[in-house]
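Engineer: The structure under discussion is supplied below as structure tokens; questions concerning it will follow.
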Amino acid sequence: MEGLCLFAAVGTASNKAELIYVWEQATPEAKAIIVCLIIFSIIAWSVMVSKALQMRRARKLNYYFDQEFHAQKTVLDLFDRKLQVEGCPLYEVYQVGCVQLDARLRGPGGERSKQQVSLKNMEHVKRALENVVAQESLKLESGLILLAIAVSGAPFIGLLGTVWGVMSTFAGIAQQGSATMAAMAPGVSAALITTVAGLLVAIPSMFSYNWLVHNLRVFTVGLDNFAQELVSKMETEFLADE
């Protein structure tokens, strides 16, 4: 008789799509957790796509700006040409450095009358460059905290739903006094679906987070190297001998 009940349950499940059948068997708590994980997954995927596009665009703009920077004759050529490159981290670093240097080369009347700057003024330029490098790194890093939360939190949220569902299943079986496989299977399978949902959120987020962090480190090193090269050229052209 028990075997007939089990075959009947399997036959019922096979007539429907597996996920639809499991969803129908899930408790309201498990459904609420799955809906939360779906929302979390949408947010995580939107962050992945937006950050990937942002870094791809920044990498392309950095490449073209770096070529233009090394083609100029003096360090202020691009600045004097009023070149605008929105969304390019290297340009932002260059622009801030040139604004600081240009301000120290101008006289009281606003004209660029000085040919050299002191070591103290050059130190101010260096600090401004360090600040803008940190700011650009933070811009690229923004949003990664959501992926970190998805990686660490989603499996535990899914596990909470599984434990809760299994607990409800065993409580119902205890009240019915019937511990057959047919009675247990729907509830346990519905409970396990929350763990699956949690892993489906966490696994893509983990791979994407590691890839984005690696690219962020590459960008940060590139910004640091560019800032040092920019300062070196500024010192070569404008630093006064003391």
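Heads up, the sequence shown is in my numbering, so the first residue is 137 and it goes up one at a time. A virtual CB, placed ideally from N, CA and C, is assigned to each residue, including glycine. These figures come from a predicted structure and were not determined experimentally.
So what does V253 bridge to, in DSSP terms?
Structural biologist: Taking the first residue of the sequence shown as 1, we reach residue 253 at position 117. V253 pairs with L375.
Engineer: For a quick check, are the C-beta atoms of N346 and M191 less than 8 Å apart?
Structural biologist: Here residue 346 refers to the residue found at position 210 when the sequence shown is read from its first residue. Here residue 191 refers to the residue found at position 55 when the sequence shown is read from its first residue. Cβ distance not < 8 Å, so N346 and M191 don't count as in contact.
Engineer: Restricting to Cα atoms, I'd like to know which of V357, M370, S341 is closest to M184.
Structural biologist: As a working note, residue 184 is residue 48 in the sequence shown. Of the candidates V357, M370, S341, the one whose C-alpha sits nearest the C-alpha of M184 is S341.
Engineer: Please confirm if the stretch 262 to 269 is in contact with the stretch 284 to 303, defined as three or more CB-CB distances below 8 Å between the two stretches.
Structural biologist: no
Engineer: Excluding the 5 residues flanking A338 on each side, which residues of the same chain have their C-beta closer than 7 Å to its C-beta?
Structural biologist: The sequence position of residue 338 within the sequence shown is 202, counting from 1. Excluding sequence neighbours, A338 sits near A286, V287, A290, P291.
Engineer: In terms of alpha-carbon separation, which member of I175, F374, K167 lies closest to L282?
Structural biologist: By one-based count along the sequence shown, residue 282 stands at place 146. Per the Cα distances, I175.
Engineer: Flag this pair as yes or no: are the beta carbons of V171 and V229 separated by less than 8 Å?
Structural biologist: Numbered from 1 along the sequence shown, position 35 holds the residue referred to as residue 171. Numbered from 1 along the sequence shown, position 93 holds the residue referred to as residue 229. Contact flag unset, no.
Engineer: If contacts are defined as beta-carbon pairs under 8 Å, then Q252 and L375 qualify, I think. What distance do you get, rounded to the angstrom?
Structural biologist: For the purposes of this step, residue 252 is identified with residue 116 of the sequence shown, where counting begins at 1. For the purposes of this step, residue 375 is identified with residue 239 of the sequence shown, where counting begins at 1. Indeed, because the Cβ distance is near 7 Å, the residues count as touching under 8 Å.
Engineer: Tell me the DSSP secondary structure of T330 in three-state form.
Structural biologist: As a first step, residue 330 is located in the sequence shown; it is residue number 194 there, counting from the start. Correct three-state label for T330: helix.
Engineer: Alpha carbon to alpha carbon, how far is A310 from E277?
Structural biologist: The sequence position of residue 310 within the sequence shown is 174, counting from 1. The sequence position of residue 277 within the sequence shown is 141, counting from 1. Each residue's Cα considered, the two are about 51 Å apart.
Engineer: Measuring CB to CB, does F201 end up less than 8 Å from C224?
Structural biologist: Here residue 201 corresponds to residue number 65 of the sequence shown, with the count starting at 1. Here residue 224 corresponds to residue number 88 of the sequence shown, with the count starting at 1. The answer is yes: Cβ separation under 8 Å.
Engineer: Measure the alpha-carbon distance for L328 versus F306 and round it to whole angstroms.
Structural biologist: What you label residue 328 is simply residue 192 of the sequence shown in a count that begins at 1. What you label residue 306 is simply residue 170 of the sequence shown in a count that begins at 1. Taking the straight line from one Cα to the other gives about 14 Å.
Engineer: Starting from V302, trace the alpha helix (DSSP H) in both directions and tell me its first and last residue.
Structural biologist: Within the sequence shown, numbered from 1, the residue matching residue 302 stands at position 166. Its alpha helix (DSSP H) spans residues 280 to 312.
Engineer: So is V357 buried or exposed if we call it buried at 16+ other beta carbons inside 10 Å?
Structural biologist: Taking the sequence shown and counting its residues from 1, the one referred to as residue 357 is at position 221. When all chains shown are included, V357 counts as exposed.
Engineer: Return the Cβ separation of I169 and T330 in integer angstroms, given the expectation that the two are a contact with Cβ distance under 8 Å.
Structural biologist: Here residue 169 corresponds to residue number 33 of the sequence shown, with the count starting at 1. Here residue 330 corresponds to residue number 194 of the sequence shown, with the count starting at 1. Contact annotation, I169 with T330: C-beta distance approximately 5 Å; criterion of less than 8 Å satisfied.
Engineer: Whole-angstrom Cβ separation of A326 and V158, contact assumed at under 8 Å?
Structural biologist: As a first step, residue 326 is located in the sequence shown; it is residue number 190 there, counting from the start. As a first step, residue 158 is located in the sequence shown; it is residue number 22 there, counting from the start. 5 Å between Cβ atoms; contact.
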